[in-house]
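Going down the list, the protein sequences come from chains A and B.
With this note's numbering applied, the first sequence corresponds to residues 1 to 294, in that order.
With this note's numbering applied, the second sequence corresponds to residues 295 to 588, in that order.
Below is one structure, written out as structure tokens; the observations come after it.
2 protein chains.
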Amino acid sequence: MNMKRYSELDTEMPIGVFDSGIGGLTVAREIMRQMPNEKIVYFGDTARVPYGSKSKETVTRYSRQIVRFLLEQKVKAIAIACNTASAYALPEIEQECPVPVIGVIRPGAKTACSCTKNGRIGVIGTRATVSSGSYTEFIHQIMPEAEVFAQACPLFVPLVEEGLWEDPVTDEIARRYMASLLDHGIDTLIMGCTHYPLIRKTIGRAAGDMISLINPAYETAMELRQMLGEMNLLADHRPALGSTVPQYRFYVSDMAEQFQQFANSIIKYGILASEKIDIYNYSGKPFSAEEGAG
Amino acid sequence: MNMKRYSELDTEMPIGVFDSGIGGLTVAREIMRQMPNEKIVYFGDTARVPYGSKSKETVTRYSRQIVRFLLEQKVKAIAIACNTASAYALPEIEQECPVPVIGVIRPGAKTACSCTKNGRIGVIGTRATVSSGSYTEFIHQIMPEAEVFAQACPLFVPLVEEGLWEDPVTDEIARRYMASLLDHGIDTLIMGCTHYPLIRKTIGRAAGDMISLINPAYETAMELRQMLGEMNLLADHRPALGSTVPQYRFYVSDMAEQFQQFANSIIKYGILASEKIDIYNYSGKPFSAEEGAG
Numbered sequence: 001m002n003m004k005r006y007s008e009l010d011t012e013m014p015i016g017v018f019d020s021g022i023g024g025l026t027v028a029r030e031i032m033r034q035m036p037n038e039k040i041v042y043f044g045d046t047a048r049v050p051y052g053s054k055s056k057e058t059v060t061r062y063s064r065q066i067v068r069f070l071l072e073q074k075v076k077a078i079a080i081a082c083n084t085a086s087a088y089a090l091p092e093i094e095q096e097c098p099v100p101v102i103g104v105i106r107p108g109a110k111t112a113c114s115c116t117k118n119g120r121i122g123v124i125g126t127r128a129t130v131s132s133g134s135y136t137e138f139i140h141q142i143m144p145e146a147e148v149f150a151q152a153c154p155l156f157v158p159l160v161e162e163g164l165w166e167d168p169v170t171d172e173i174a175r176r177y178m179a180s181l182l183d184h185g186i187d188t189l190i191m192g193c194t195h196y197p198l199i200r201k202t203i204g205r206a207a208g209d210m211i212s213l214i215n216p217a218y219e220t221a222m223e224l225r226q227m228l229g230e231m232n233l234l235a236d237h238r239p240a241l242g243s244t245v246p247q248y249r250f251y252v253s254d255m256a257e258q259f260q261q262f263a264n265s266i267i268k269y270g271i272l273a274s275e276k277i278d279i280y281n282y283s284g285k286p287f288s289a290e291e292g293a294g
Numbered sequence: 295m296n297m298k299r300y301s302e303l304d305t306e307m308p309i310g311v312f313d314s315g316i317g318g319l320t321v322a323r324e325i326m327r328q329m330p331n332e333k334i335v336y337f338g339d340t341a342r343v344p345y346g347s348k349s350k351e352t353v354t355r356y357s358r359q360i361v362r363f364l365l366e367q368k369v370k371a372i373a374i375a376c377n378t379a380s381a382y383a384l385p386e387i388e389q390e391c392p393v394p395v396i397g398v399i400r401p402g403a404k405t406a407c408s409c410t411k412n413g414r415i416g417v418i419g420t421r422a423t424v425s426s427g428s429y430t431e432f433i434h435q436i437m438p439e440a441e442v443f444a445q446a447c448p449l450f451v452p453l454v455e456e457g458l459w460e461d462p463v464t465d466e467i468a469r470r471y472m473a474s475l476l477d478h479g480i481d482t483l484i485m486g487c488t489h490y491p492l493i494r495k496t497i498g499r500a501a502g503d504m505i506s507l508i509n510p511a512y513e514t515a516m517e518l519r520q521m522l523g524e525m526n527l528l529a530d531h532r533p534a535l536g537s538t539v540p541q542y543r544f545y546v547s548d549m550a551e552q553f554q555q556f557a558n559s560i561i562k563y564g565i566l567a568s569e570k571i572d573i574y575n576y577s578g579k580p581f582s583a584e585e586g587a588g
């Protein structure tokens, strides 16, 4: 990390948040709740969603393109709201990027460790997040004796996106995914994909009353606030009413209209507009010394 | 179309086939069955799959990149195996491309028209294919009095990719998708997405015995053979054994290994290898007069 660069940041700059699509809005929503003074620039990569079935190389390339776009928007920090991108791309982005970056995995792992009583923690996520082993790694850094059991749940994202939030089919699929985790006697379950909190009730029914469900979005916003506080980068007042730039700006790489409909069902703050940008114009190569933290 | 350009094509050149991912292998399989002498270069856009929830503009851009890659492989013709890409990008690609191009929608529409007795035709497909209205348009060109009823089935692709080909959950989802089509009294149903023939039995159970299921892959291969025949471009002998270039070559934009596993479950010819190529190196812009049909 390059502290000299950080000195160019100021409290008035927005926070950048990105995701493969709409799921990261659950993280943006937590930032809005916990830091109502902050401005947000959100990017959803709807032209290439989903990330959860793609490779580390591809996800890292896409993430670098988005980070370049967000830096152009002069953000003071970046939250990677997507679990898959956090698992695959955070280590590189963190090294290269000239502003502080936070992912959702370490905060989720931390909360799980403070919640568990029997040291048996379950993780559900995309195939990519599970096979990256990132949650297990962070949990073991905090609690080396913990036992971690991970289960990929690839049908949850399409079921959520089809609106089957309360549906016997989603209940049935949740029961199947949960079966082996329950056999392992977990007492804590990390919802390791930003879509999953939207079907929290279904997951809760399948997991049963005795298991604590962890939503990393909440803890990620907390940790981001702490980090910005320590760097004296927290906004200390609401943006002026009537400002020409809205407090929350939403960008996508495709299907701006559909994004907006879905976004308005998740975020109650009223998303006035979302804009399609051409993400292909941004390089997916590693950051050079000049643009990066070098 | 530019006949002068076509004169540069010869019978020994391979046929290019592309899809958003793995589904188009059902079309490649039909080409292998019906034209065992032909070489095939297949491209699956696994870095950006699925196309069915994306916009016309994005799908056309991706298709142009792939066509450029296939032209570099010196194909004599291109089959767009993806319904969404056929619906959205074929009109432009057909105009611009210096080799003959075929999609899956017109062949599917033709077969449906020759099958139906009551003139009531159902179409199932991705959201994009359905909202494009392409099947309806082609059906009406052939049979203006036909009534067409379309139903998007966005959960079928993830269910197929998760391997739930014979499963009560897939049966339940199929029943829901089929309900309104059955109310309309259709006697013919086009499986307007290359994944759907893989759950033909499930779709058949939900549709009932009285409805003819149309698989456009079969008719697309037939029409391609006829077109190549008319242009004197059909290969007249099997590629020599021991040739350094395999008869069937498979390329993807991501996850080459997973592609191969799935491909081998669909195609019985033995896919020895699939290679990842960098599709971002190919332009997604319209073809210029020099490279295109001018």
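In this text, a Cβ means the ideal position worked out from N, Cα and C, and glycines have one as well.
Proximity test, Cβ basis, 7 Å: residue i and chain B
{"i": "residue 227 of chain A", "result": "no"}
{"i": "residue 54 of chain A", "result": "yes"}
{"i": "residue 194 of chain A", "result": "no"}
{"i": "residue 25 of chain A", "result": "no"}
{"i": "residue 155 of chain A", "result": "yes"}
{"i": "residue 129 of chain A", "result": "no"}
{"i": "residue 147 of chain A", "result": "no"}
{"i": "residue 30 of chain A", "result": "no"}
{"i": "residue 96 of chain A", "result": "no"}
{"i": "residue 294 of chain A", "result": "Residue confidence is low: residue 294 of chain A scores 38 on pLDDT, short of 50, so the model does not pin down where it sits. Its coordinate-derived value is still stated next. Closer than 7 Å: no."}
{"i": "residue 172 of chain A", "result": "yes"}
{"i": "residue 169 of chain A", "result": "yes"}
Host alpha helix (DSSP H) of residue i (start-end)
{"i": "residue 513 of chain B", "result": "510-524"}
{"i": "residue 41 of chain A", "result": "Note, residue 41 of chain A: premise wrong, no alpha helix (DSSP H); beta strand (DSSP E) at 40-44."}
{"i": "residue 553 of chain B", "result": "550-560"}
Segment limits, beta strand (DSSP E) that includes residue i
{"i": "residue 488 of chain B", "result": "Careful: residue 488 of chain B lies outside any beta strand (DSSP E) and carries neither H nor E."}
{"i": "residue 417 of chain B", "result": "414-419"}
{"i": "residue 400 of chain B", "result": "Counting along the chain, residue 400 of chain B falls outside any beta strand (DSSP E), though it belongs to the alpha helix (DSSP H) covering 399-409."}
{"i": "residue 204 of chain A", "result": "Careful: residue 204 of chain A lies outside any beta strand (DSSP E), inside the alpha helix (DSSP H) at 200-207."}
Any C-beta of chain A under 7 Å from that of residue i
{"i": "residue 296 of chain B", "result": "In this prediction, residue 296 of chain B scores a pLDDT of 44, lower than 50, which makes its location untrustworthy; the coordinate-derived value is nonetheless stated afterwards. No, residue 296 of chain B lies away from the interface with chain A (no Cβ there is under 7 Å from its Cβ)."}
{"i": "residue 341 of chain B", "result": "yes"}
{"i": "residue 454 of chain B", "result": "no"}
{"i": "residue 352 of chain B", "result": "yes"}
{"i": "residue 548 of chain B", "result": "yes"}
{"i": "residue 273 of chain B", "result": "In this structure chain B extends from 295 to 588, so residue 273 of chain B is not present and cannot be described."}
Through-space distance from residue j to residue i, alpha-carbon basis
{"i": "residue 561 of chain B", "j": "residue 51 of chain A", "result": "26 Å"}
{"i": "residue 290 of chain A", "j": "residue 102 of chain A", "result": "22 Å"}
{"i": "residue 416 of chain B", "j": "residue 427 of chain B", "result": "12 Å"}
{"i": "residue 86 of chain A", "j": "residue 193 of chain A", "result": "10 Å"}
{"i": "residue 226 of chain A", "j": "residue 236 of chain A", "result": "14 Å"}
{"i": "residue 173 of chain A", "j": "residue 439 of chain B", "result": "43 Å"}
{"i": "residue 517 of chain B", "j": "residue 551 of chain B", "result": "32 Å"}
{"i": "residue 259 of chain A", "j": "residue 17 of chain A", "result": "15 Å"}
{"i": "residue 128 of chain A", "j": "residue 537 of chain B", "result": "38 Å"}
{"i": "residue 164 of chain A", "j": "residue 473 of chain B", "result": "17 Å"}
{"i": "residue 232 of chain A", "j": "residue 57 of chain A", "result": "34 Å"}
{"i": "residue 306 of chain B", "j": "residue 153 of chain A", "result": "46 Å"}
{"i": "residue 368 of chain B", "j": "residue 280 of chain A", "result": "26 Å"}
{"i": "residue 278 of chain A", "j": "residue 353 of chain B", "result": "14 Å"}
{"i": "residue 79 of chain A", "j": "residue 31 of chain A", "result": "10 Å"}
{"i": "residue 580 of chain B", "j": "residue 384 of chain B", "result": "12 Å"}
{"i": "residue 83 of chain A", "j": "residue 135 of chain A", "result": "10 Å"}
{"i": "residue 162 of chain A", "j": "residue 238 of chain A", "result": "36 Å"}
{"i": "residue 365 of chain B", "j": "residue 29 of chain A", "result": "46 Å"}
{"i": "residue 432 of chain B", "j": "residue 424 of chain B", "result": "13 Å"}
Own chain residues within Cβ distance below 6 Å of residue i, not counting five before or after
{"i": "residue 315 of chain B", "result": "338, 340, 343"}
{"i": "residue 216 of chain A", "result": "104, 107, 108"}
{"i": "residue 482 of chain B", "result": "406, 409, 410, 415, 506"}
{"i": "residue 252 of chain A", "result": "44, 46, 259, 274, 276"}
Neighbourhood of residue i by C-beta, 7 Å cutoff - its chain only, sequence neighbours within 5 removed
{"i": "residue 489 of chain B", "result": "317, 450, 451, 454"}
{"i": "residue 328 of chain B", "result": "515, 516, 519"}
{"i": "residue 9 of chain A", "result": "76, 99, 233"}
{"i": "residue 576 of chain B", "result": "359, 362, 363"}
Beta-carbon proximity list for residue i, same chain, < 8 Å, skipping 5 on both sides
{"i": "residue 197 of chain A", "result": "26, 191, 215, 217"}
{"i": "residue 149 of chain A", "result": "120, 121, 122, 123, 180, 181, 184, 186"}
Evaluate contact between the region 429-437 of chain B and the region 497-506 of chain B, counting only Cβ atoms and requiring at least three cross-stretch pairs below 8 Å. no
Say whether the region 360-368 of chain B touches the region 299-310 of chain B, bearing in mind that this needs 3 or more beta-carbon pairs closer than 8 Å, one atom from each stretch. yes
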